[in-house]
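Numbering (the UniProt record's numbering), first residue to last: 1 to 261.
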């Protein structure tokens, strides 16, 4: 494994601290109570970092998203919506309601701004922004009026941060996604290569501290594809085109279709 791949996280860690430390400090001076709530402080830091990292992350995944996200249709549940960028890839007229799930409320204003620019607004009834997590299935179903009401679930670089991810994935697929619905994912995951996986695990503690709980060593793709709910003839998984197997941020892309019955 090349040294450049081993030390790749250093640049992102340094840059995140460089761009987010001062804005976060200023926010703490205005809201000292943040120091009493570490999770809120982490949310604030990450929100400031994502102002810079978000556009770069979107650019880096644009080829994948242009292929994957236009498949979305009907009622779409966007897990870990960030700034709501996923809705910019939808086919015009294909999505009837955009439901953005983002536990970091610091990002909600940007979600609404992005969604509005693409025709989704609360006043039109086609935008819902939820401040819960992907695992809060009861709250999601309550907001949508019942179980199995979603046509498409989207997960873009999200399950690295979700508490109890395996349970969340199972409940989302069983209780939220309609029969015949789609689960579209683009996630960085645990590498199949032992040397890469070792470095992912070694980097994870400091990475998760800076990047809002993000874990580099989760086999999210296997947790999703391993469920028994999929129509295998209509589902497919692949790697990110052109990505080296030595990449610490190794990614997998999937378009899964739930069995109709």
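For every residue, glycine included, the Cβ atom is placed at its ideal position computed from N, Cα and C.
No experiment lies behind these values; they were computed from the predicted model shown.
Option in the options with minimal Cα separation from residue i
i, options, result
"residue 51", "223, 189, 99 and 107", "107"
"residue 220", "159, 144 and 182", "159"
"residue 260", "117, 54 and 229", "229"
"residue 178", "101, 35 and 76", "76"
"residue 12", "31, 38 and 57", "57"
"residue 180", "74, 36, 40 and 164", "74"
"residue 21", "49, 123, 40 and 53", "49"
"residue 68", "166, 188, 245 and 240", "240"
"residue 39", "242, 152 and 105", "105"
"residue 80", "54, 90 and 200", "54"
"residue 111", "124, 78, 139 and 35", "78"
"residue 191", "82, 109 and 217", "217"
"residue 59", "89, 31, 123 and 37", "89"
C-beta atoms of residue i and residue j nearer than 7 Å
i, j, result
"residue 162", "residue 135", "yes"
"residue 154", "residue 223", "no"
"residue 231", "residue 210", "no"
"residue 47", "residue 87", "no"
"residue 171", "residue 150", "no"
"residue 8", "residue 24", "no"
"residue 212", "residue 33", "no"
"residue 72", "residue 84", "no"
"residue 143", "residue 130", "yes"
"residue 208", "residue 215", "yes"
"residue 326", "residue 238", "The requested residue 326 is not part of the displayed model; the chain covers only 1 to 261."
"residue 1", "residue 246", "yes"
"residue 182", "residue 152", "yes"
"residue 173", "residue 227", "yes"
Beta-bridge pairing of residue i - partner residues as DSSP gives them
i, result
"residue 264", "The first residue shown for the chain is 1 and the last is 261, placing residue 264 beyond what the model contains."
"residue 75", "97"
"residue 236", "255"
"residue 183", "153 and 256"
"residue 50", "DSSP lists no partner for residue 50."
"residue 230", "258"
"residue 177", "150"
"residue 128", "99"
Cut-off 6 Å between Cβ atoms - residues of its own chain near residue i, not counting five sequence neighbours on either side
i, result
"residue 133", "103"
"residue 147", "141 and 175"
"residue 127", "98, 115, 120 and 121"
"residue 28", "34"
Cut-off 7 Å between Cβ atoms - residues of its own chain near residue i, not counting five sequence neighbours on either side
i, result
"residue 287", "Given a span of 1 to 261 for the chain in the structure shown, any question on residue 287 remains unanswerable."
Cutoff 8 Å; reference residue i; Cβ partners in own chain excluding five residues on either side
i, result
"residue 243", "250 and 251"
"residue 225", "235, 237, 254 and 256"
"residue 145", "none"
Cβ of residue i within 7 Å of any chain C Cβ
i, result
"residue 119", "Although the question refers to chain C, the structure presented lacks it and comprises just one protein chain."
Checklist entry - Taking three-plus beta-carbon pairs below 8 Å as touching, is the region 186–199 in contact with the region 247–259? => result yes
Item to check | Three or more C-beta pairs below 8 Å linking the region 56–67 and the region 94–106 | outcome: no
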